[in-house]
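S.K.: Residues in the sequence shown are numbered consecutively from 1313, following our numbering.
Take a look at this one; I'll ask things after.
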Amino acid sequence: MNASRIALVTGANQGLGRALAEGLAARMTPDDLVLLTGRGHRRVTDAAREVTRLPGTRARVEGRVLDVTDTDAIARLAEDLRARYGGVDVVVSNAVARLLPGESQAERADEFIDVANTATHAILRSFAPVLRPGGRLLVVASSLGTLGHLDPRLHHLFDGASLEQVEYAVESWRSAIHTRTAAQAGWPTWLNVPSKVAQVAAVRAVATERREHDLATGTLIASVCPGMVDTATSRPWFSDYRQAQSPAQAAGAVLDLIFAEHVHPALYGELVRFGKVLPWHDGTPPVEQDRMLTP
């Protein structure tokens, strides 16, 4: 028997992704299915079992191994969900490569870009077409994803770009890192800035193409900023965690957006933080010495 609703979260065996999977499983019904995905079979299996056993869990929870750097695997999973269930209702793209302050940004660039950007492009391309009416497709980004955080010389690469143009810009950035010409072209050393801008630009590109249809069916595609979250990925970058949220707290606003009966059209295609739009052109390029993560 097909599940009533299908939800999928990437990077879901720990941190914010795990909290989102837990929240979905608690707010959905016993007929619904939450797919908790990650790269490692043991970690995914253990996480799915643990979420299933939580007192508040109502929906069915299944672990699925999904390496988001494998774009063919993303496409196969989307097609499988379309064939089995007629589509999917909630997709949260949350996977991120862990980067420590002492590591070389340039040496980790390929992995970081593959996980954060190439995977985001593949999820948008594969899952947007199988998103059922009234569904939600959200990409977890950050407040660094607004265009103003980039050098003005780079704005034309992302402002009003199609998904293909965003992909080209990302690969140009990658190439500039390899050829050691990134700084000369205006790219910041810190990978998180162009990566987040590119994520938000990719969402905006897909949303622009689908806006009329999605608004007519109550469907939402957007990027979301969860705010400062205390996770293993972010903790090494902060000196003061007094204002940080737990993953469960940070998941709350994202889940409220997912389960909102009516979403204001102004949120469609935008970067949303705590229910409000972060304007696309806001922000200023970060000082290179300031490597703190911005929520």
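We put the beta carbon where it would ideally sit given N, CA and C, even for glycine.
(1) Could you tell me if Tyr1480 is buried or exposed, where buried requires 16 or more neighbouring beta carbons within 10 angstroms of its beta carbon?
(2) Taking the beta strand (DSSP E) that Gly1446 belongs to, which residues open and close that run?
(3) How many Å lie between His1525 and Ala1331 at the Cα?
(4) Please tell me whether Val1536 and Val1509 are closer than 8 Å, where the distance is taken between their beta carbons.
(5) For the alpha helix (DSSP H) that contains Glu1423, what are its first and last residues?
(6) Alpha carbon to alpha carbon, how far is Ala1440 from Leu1449?
(7) By how many angstroms is the C-alpha of Glu1476 removed from the C-alpha of Ser1316?
(8) What is the rounded straight-line gap between the Cα of Ala1385 and the Cα of Asp1422?
(9) For Ser1615, count neighbouring C-beta atoms within 10 Å of its own C-beta (all shown protein chains included) and say buried if the count is 16 or more, exposed if not.
(10) May I ask which residues mark the beginning and end of the alpha helix (DSSP H) holding Asp1358?
(11) For a test of the three-state rule: what should DSSP assign to Val1288, helix, strand or coil?
(12) Helix, strand or coil: which one does DSSP assign to Ala1530?
(13) Taking C-alpha atoms, which residue in Ala1359, Ala1514 and Thr1381 lies nearest to Val1373?
(14) Could you give the residue range of the alpha helix (DSSP H) that holds Gly1329?
(15) Name the DSSP bridge partner or partners of Lys1588?
(16) Please state the DSSP three-state secondary structure of Glu1391.
(17) Can you look up Ser1405 in the DSSP assignment and give me helix, strand or coil?
(18) The alpha helix (DSSP H) with Arg1437 in it runs from where to where?
(19) Compute the beta-carbon to beta-carbon distance between Thr1349 and Thr1369, rounded to the nearest angstrom, for a pair I have assumed lies under 8 Å.
(20) Taking only the alpha-carbon atoms, compute the straight-line gap between Gly1352 and Val1380 and give it to the nearest angstrom.
(21) With a Cβ-Cβ cutoff of 8 Å, do Val1505 and Leu1569 count as a contact?
(22) Reducing DSSP to helix, strand and coil, say where Glu1374 ends up.
(23) Taking Leu1262 as part of the alpha helix (DSSP H), name the residues at either end of that continuous run.
(24) Say whether the segment 1588 to 1599 touches the segment 1452 to 1472, bearing in mind that this needs 3 or more beta-carbon pairs closer than 8 Å, one atom from each stretch.
(25) If you draw a straight line from the C-alpha of Gly1414 to the C-alpha of Arg1523, how long is it?
(26) Can you say whether Leu1366 is buried or exposed, counting buried as having 16 or more other CB atoms within 10 angstroms of its CB?
(27) Just list the residues that DSSP pairs Gly1675 with in beta bridges.
M.R.: Reading it off the structure:
(1) Under this definition Tyr1480 is an exposed residue.
(2) The continuous beta strand (DSSP E) containing Gly1446 extends over residues Leu1443 to Val1452.
(3) Using only the alpha carbons, I get a separation of about 31 Å.
(4) Going by C-beta atoms, Val1536 is not nearer than 8 Å to Val1509.
(5) Counted as a single uninterrupted DSSP element, the alpha helix (DSSP H) harbouring Glu1423 occupies residues Ala1421 to Ile1425.
(6) If I take the Cα positions, the gap works out to 7 Å.
(7) Their backbone Cα atoms lie some 34 Å apart in a straight line.
(8) A straight-line Cα-Cα distance of about 19 Å links Ala1385 and Asp1422.
(9) Nothing can be reported for residue 1615: it is not among the residues displayed for the chain, which extend from 1313 to 1607.
(10) Segment His1353 to Arg1365, the alpha helix (DSSP H) holding Asp1358.
(11) The question about residue 1288 has no answer here: the residues shown for the chain are numbered 1313 through 1607.
(12) According to the sequence displayed, residue 1530 carries Gly and not Ala. Reduced to three states, the DSSP call for Gly1530 is coil.
(13) It is Ala1359 whose Cα lies nearest to the Cα of Val1373.
(14) Per DSSP, Gly1329 belongs to the alpha helix (DSSP H) from Gly1327 to Arg1339.
(15) In the DSSP output, where bridge partners are listed per residue, Lys1588 has Arg1585.
(16) Three-state DSSP puts Glu1391 in a helix.
(17) Three-state DSSP puts Ser1405 in a strand.
(18) Per DSSP, Arg1437 belongs to the alpha helix (DSSP H) from Ala1431 to Phe1439.
(19) Not confirmed; about 17 Å, so no contact.
(20) Annotation: Gly1352 to Val1380 spans about 12 Å, alpha carbon to alpha carbon.
(21) In this structure, Leu1569 does not lie closer than 8 Å to Val1505 by Cβ.
(22) Of the three classes helix, strand and coil, the one that applies to Glu1374 here is strand, per DSSP.
(23) This structure cannot settle anything about residue 1262, because the visible part of the chain is limited to 1313 through 1607.
(24) Three or more beta-carbon pairs separated by less than 8 Å link the segment 1588 to 1599 to the segment 1452 to 1472, which places the two stretches in contact.
(25) Roughly 42 Å between the two C-alpha positions.
(26) Classification for Leu1366: exposed.
(27) Only positions 1313 to 1607 of the chain appear in this structure, which leaves residue 1675 out of reach.
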